[in-house]
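Below is one structure, written out as C-alpha cells; the observations come after it.
Chains as they are written, first to last, in my numbering: chain A, 7 to 272; chain B, -13 to 360.
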C-alpha cells in the first residue's frame, strides 16, 4: 500500500470513529420514556455503526421479550429522529432484537412507517398521548428532585415558588444542583412557555405552586419518582441476567479470540 | 361495611400468641421473644413451564422471563437450576412453603396461558392436586377470561361449585388467539364479575401486565381497576405486584377506593437487592394504601418464603424515609401484612386454623425451644 493510500485509510478510519462517537453522543440524549434515563446508559443500544456512505445502523435490545411494544417503538422512533438531525447522516436503519414484536416493529421502522401504520387495528391512534403522559411524569420527577434539593440547601418555599426561569438559571448552586437545574429545564417546556420572565415552578397544568402547601405537593408527586426508580432497578437487573452484561456485545466464547479494533489498522 | 373492608380499629389481641414456655407450636414463625405469627402467602403457583409442555417460542420466553426475575432478585444461595425452576414436584413446593419456609397457609393462584403451554402453565386443575393433599394448608383460587363468552360463564359456575371458590386470579394481559389482552372495564368482564359476585367469589386478584390492546396506550394502565372497584363495591380487588410498574397511578386509585388492595409479590424480593427502593415502595404503600390493605405474597416458585420473611421481619424503614413519609413498619403492621389481612379477605379464623394444622401434625417438625429466625 502506498503512503498516500495509507494516509487516506487512516483518515477515513479516524473520521469513521469520530462519526460513531457523534452517533453515540446523540443517542445518549434519547431516553426510555418510562424510566426517564438514557437508552445508552441503560445498555439498550448494542451497536451504532457508520458505513463509508454515512449510512447509520443501530441495534438495540430490551430487558424482556415482553417489553411494551409502544415504548419499544417510541424509543426507536426517537433514536431515528435524533440521529437523522445530524446533517451528514444519509440514512438510518434501526433493528430491535429478541422481542415478541421484533419482526413487526423492524419492518415498520425499515419502511419508515408510523406506529399506527405498523400495527394497524391493534393500535387506535398515534403515540402522541402516551409520549405526553410520560414527558409529564419525567417533568414531575425532575421537579421534585430539584425542589427537594433547593429546600435542602436552605431556600424558603416562598423564595422557590416566586423564582422566574432566568432567576433559577442564575441561582448559585453546587455540582449536584447544577445537574438538577439542567435536567429540570430540559423538561420544563412540557408544561408551559420557557419565556425567561415566566415562573420556574408550575404544576403539570401550568399553574404556579403555592408556598403554603409545597410540602403536600411534593408528597403527592414523590411516588412518581419512587415508581420510576423501582422500574429502573428492575429493568437493569432483568437486562443483565438476560444478556450477561459482563460481555455486552459478543458471546463469551468469542470474546477472548477477538482482537481489539486498533490492531486492524494497517 | 363489606366483609373485606379495612377495619383499622380491629383489636390485635389474641392474634399474636405469646408462647415463651414452648408448650407446643401454633405457627410457623416465632420471634426471638416467642411471639408466633400466622402467615398466609397470598401468591403461590404450582406450574409446569418445562420444554415438554411449551407450545411455542412464547412459552419458552415466558418461563425464561420468570427465571430472569428469580435469578436477578434472589440471594445467590437461593438460586435454583433452570430445569428445577421450569418444573418442580409437589413435595418440593410443600417443603419450601411449610417445612423450610414460614408459611402457615398459601393461596394457589392459577395462570392458564393455554396459548403458550400444551396443558396450560399453572391451571386450577393442576393446583387442585396440592389442595387435595393438604386441605388445611391451601386456599385454591380459580380463574376466568371474559373472552370465553357464555361457555366461560358456565365453566366458572362449574369450577366454583367443584372447588368452593372464594377468589379468582385474572390475567388481563393473557393472549387468546388474535387478542393480546382485555380490560376489566369491558362489557364482557362486567358479566363475569356479576357472576362472581353471585357465586360468592369475593376476591378478585388482578395481575397487571403489558400488551393490552390498543398498543398505543399505556400498556400497564390500572384505570380499569378504578372503574370496576367503584361498580362492584362488594368485591375486593387485589392488585398483584401492587400496580408496579405503575405504583404512582395505583396508589392514587387505591386511596380513593376502599376495596382495592396491594399484593406485595415482586415488590418484596427487592428487600434483598435494593433495600433502599423497597423502603420507598413500602413507605408509599403504607402512606397511600394503609397497613390494612397490603398482602404478603412470595410468588412461589419465583421466590421462596424462608428468606423473604426472614428479611421482612428484620426490616425497618430507614429514618430518612420515615421522616419523608411518616410511615413506620411496626410489628403490628408486619403481622397484618403477613397474614391477618388475607385471613380477613378469605374468612379464615386464625385460631381455629392453627388448631387444625396442629392437629394434622403440621407443626410437629418444629423444635419447641428454637426461636426464629432459624
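The C-beta atom is built at its ideal place from N, Cα and C for all residues, glycine as well.
If you're wondering where the values come from, they're calculated on a predicted model, not measured in any experiment.
Chain A places a beta carbon closer than 8 Å to that of residue 47 of chain B, counting this residue as a contact. Here the alpha carbons of residue 49 of chain A and residue 34 of chain A stand approximately 10 Å from one another. In the three-state DSSP reduction, residue 223 of chain B falls in the strand class (E or B).
Annotation: residue 19 of chain A to residue 138 of chain A spans about 41 Å, alpha carbon to alpha carbon.
Residues of the region 200 to 226 of chain A with a C-beta atom less than 7 Å from some C-beta of chain B do not occur. Within a 10 Å sphere around the beta-carbon of residue 45 of chain A sit 16 or more other beta-carbons, which makes this residue buried. Using a CB distance cut-off of 8 Å, residue 315 of chain B does not count as an interface residue toward chain A. Listed in chain order, the positions of the region 130 to 142 of chain B with a beta carbon within less than 8 Å of a beta carbon of chain A would be empty, since no residue qualifies.
The beta-carbon of residue 89 of chain A is placed no less than 8 Å from the nearest beta-carbon of chain B. One alpha carbon belongs to residue 206 of chain A, the other to residue 177 of chain A, and they sit about 12 Å apart.
Rounded to the nearest whole angstrom, the CA to CA distance from residue 108 of chain A to residue 174 of chain B is 31 Å. Linking residue 143 of chain A to residue 39 of chain A through their CA atoms gives a straight-line distance of about 9 Å. Using a Cβ-Cβ cut-off of 8 Å, residue 235 of chain A is close to 263, 266 of chain B, given in chain order.
Residue 203 of chain A sits in coil when the DSSP states are folded into three classes, being neither helix nor strand. Taking 8 Å as the CB threshold, residue 58 of chain B lines the interface with chain A.
With contacts defined as CB atoms closer than 8 Å, residue 246 of chain B and residue 239 of chain B qualify as a contacting pair. Note on residue 81 of chain A: 16 or more other CB atoms within 10 angstroms of its CB, so buried under the neighbour-count rule. When Cβ pairs closer than 8 Å are counted between the two stretches, the region 126 to 136 of chain A is seen not to touch the region 182 to 194 of chain A, the count staying below three.
Of the candidates B:300, B:236, B:186, B:88, B:236 places its Cα closest to the Cα of residue 226 of chain A. In the DSSP secondary-structure assignment, residue 126 of chain B is bridged to B:94. Chain order gives the chain A residues near residue 231 of chain B as 40, 233, 236, 237, 240, where near means a beta carbon separation below 8 Å.
Using a Cβ distance threshold of 8 Å, residue 225 of chain B and residue 214 of chain B do not count as a contacting pair. Contact between residue 147 of chain A and residue 42 of chain A holds, since their C-beta atoms are separated by about 6 Å, short of 8 Å. Three or more Cβ pairs drawn from the region 329 to 348 of chain B and the region 82 to 102 of chain B lie within less than 8 Å of each other, which places the two stretches in contact. The region 47 to 67 of chain B makes no contact with the region 116 to 130 of chain B: fewer than 3 CB pairs, one atom from each, lie closer than 8 Å. With fewer than 16 other Cβ atoms inside 10 Å of its own Cβ, residue 14 of chain A counts as exposed. Interface annotation, residue 106 of chain A: in contact with chain B, CB-CB separation under 8 Å.
In the structure shown, residue 62 of chain A falls within a strand segment according to DSSP collapsed to helix, strand and coil. For the region 269 to 299 of chain B, residues whose beta-carbon sits nearer than 9 Å to a beta-carbon of chain A comprise 269, 270, 273, 274. For residue 44 of chain B, the enclosing alpha helix (DSSP H) covers residues 43 to 59. The Cβ atoms of residue 294 of chain B and residue 254 of chain B sit closer than 8 Å to each other. With a contact defined as Cβ atoms closer than 8 Å, residue 75 of chain A and residue 111 of chain A qualify at about 7 Å.
For residue 20 of chain A, no Cβ of chain B is located within less than 8 Å of the residue's own Cβ. For residue 213 of chain B, there are no neighbours in chain A by C-beta distance under 9 Å, as the nearest C-beta there is about 18 Å away. Between residue 55 of chain B and chain A, the shortest Cβ-Cβ separation is below 8 Å. Residue 330 of chain B sits in a helix when the DSSP states are folded into three classes.
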